[in-house]
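UniProt numbering puts the first residue of the sequence shown at 1, with every later residue one more than the last. Single-structure report; data block below.
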Amino acid sequence: MWSFLRTLHQLQSLLDYVNSIAEKLTEIGWIFPQNRNPDDVPDGQTITDEVTQVNDSVNVPKTNNKFPKPTGHEYFLNNKKFSDVEIHTKSKTIHAHKVILSGGNDFFAGLFHEDSVDSIHCEDFDYEVMLDAIRFIYTGKVHGLVIKAKELFIVADEFKIGQLKNKCERYLCKTLNAENFSDLINFAERHNAHLLKEAATSLLRRKTNRSLIK
């Protein structure tokens, strides 16, 4: 009988000790009390903040979900990390990666067939335009199309970025009108933009027919 009571007393002491440890862990944010009421969370703090605190204690890197994750190879765009080729433009240098450029473009794949190529000189092109062209290879996204479609077309034509060239030309066709007709038809002639040339010819034909009808 006394042995049983002694064992019971020891178990109670052990339970009290465990509870005290649990309370301490709760205070420092390692564990959460059961039936936690959100209203009990102090002002300026959220359950998410406490989870972050727990993550810090086990060295789990925090992530910021407020910003969208990069798509494709956007993280490496103009990033010196693992960069193995430099593209020199009119004003600045773009840090690029052979494996990404050659994987998305036959021109660069042929250029990098020789391992000795570690720089490309494009001093005839503006930095922003060249960067947007490289961005397209990395991510498939087109930036600056509205304000520099012609410049992007020229770069895309030079480096055989077919899809970008097509997007630029189609955009120019959509914007073709009587005011920019002369400029765009001349551009089409200089740079062999066949689709744009056809669109300009079609517009001219319609204008001529309307004039004859009148």
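From the three backbone atoms N, C-alpha and C, an ideal C-beta is built for every residue, glycine too.
{"query": "7 Å Cβ cutoff met for alanine 193 and glutamate 158", "result": "no"}
{"query": "Endpoints, the alpha helix (DSSP H) within which valine 99 is located", "result": "98 to 104"}
{"query": "Proximity test, Cβ basis, 7 Å: alanine 109 and chain C", "result": "This model lacks chain C altogether, as it is built from one protein chain only."}
{"query": "Other residues of its chain near glycine 144: CB distance less than 6 Å, five sequence neighbours each side excluded", "result": "Asp132"}
{"query": "Residue environment, glycine 110, which counts as buried when at least 16 other CB atoms sit within 10 Å", "result": "exposed"}
{"query": "Span separating the alpha-carbon of arginine 206 from that of glutamate 114", "result": "51 Å"}
{"query": "Selected residue, minimal CA-CA separation from glutamate 151, among Leu172, Thr139, Gly140 and Tyr138", "result": "Leu172"}
{"query": "CA-to-CA distance, lysine 148 to tyrosine 127, given in whole angstroms", "result": "12 Å"}
{"query": "Beta-bridge pairing of isoleucine 94 - partner residues as DSSP gives them", "result": "Ile87"}
{"query": "Serine 116 versus phenylalanine 187: straight-line alpha-carbon distance, rounded", "result": "36 Å"}
{"query": "Backbone secondary structure at serine 119 - three-state DSSP", "result": "strand"}
{"query": "Beta-carbon gap between phenylalanine 107 and lysine 160 smaller than 7 Å", "result": "yes"}
{"query": "Chain-order list of residues whose beta-carbon lies under 7 Å from that of phenylalanine 136 (same chain, five-residue window excluded)", "result": "Val142, Ile161 and Leu164"}
{"query": "Cβ separation of isoleucine 94 and isoleucine 87, assumed to be a contact under 8 Å, to the nearest whole Å", "result": "4 Å"}
{"query": "Residue of Ile120, Phe112, Ser202 and Met130 minimising C-alpha distance to phenylalanine 153", "result": "Met130"}
{"query": "C-alpha distance - threonine 139 paired with histidine 73, whole-angstrom precision", "result": "6 Å"}
{"query": "Beta-carbon separation (whole angstroms), lysine 90 vs phenylalanine 125, contact threshold 8 Å", "result": "6 Å"}
{"query": "Chain-order list of residues whose beta-carbon lies under 7 Å from that of serine 83 (same chain, five-residue window excluded)", "result": "His95, Ala96 and His97"}
{"query": "From Gly103, Val85, Asn180 and Val146, residue whose alpha carbon lies closest to that of aspartate 118", "result": "Val85"}
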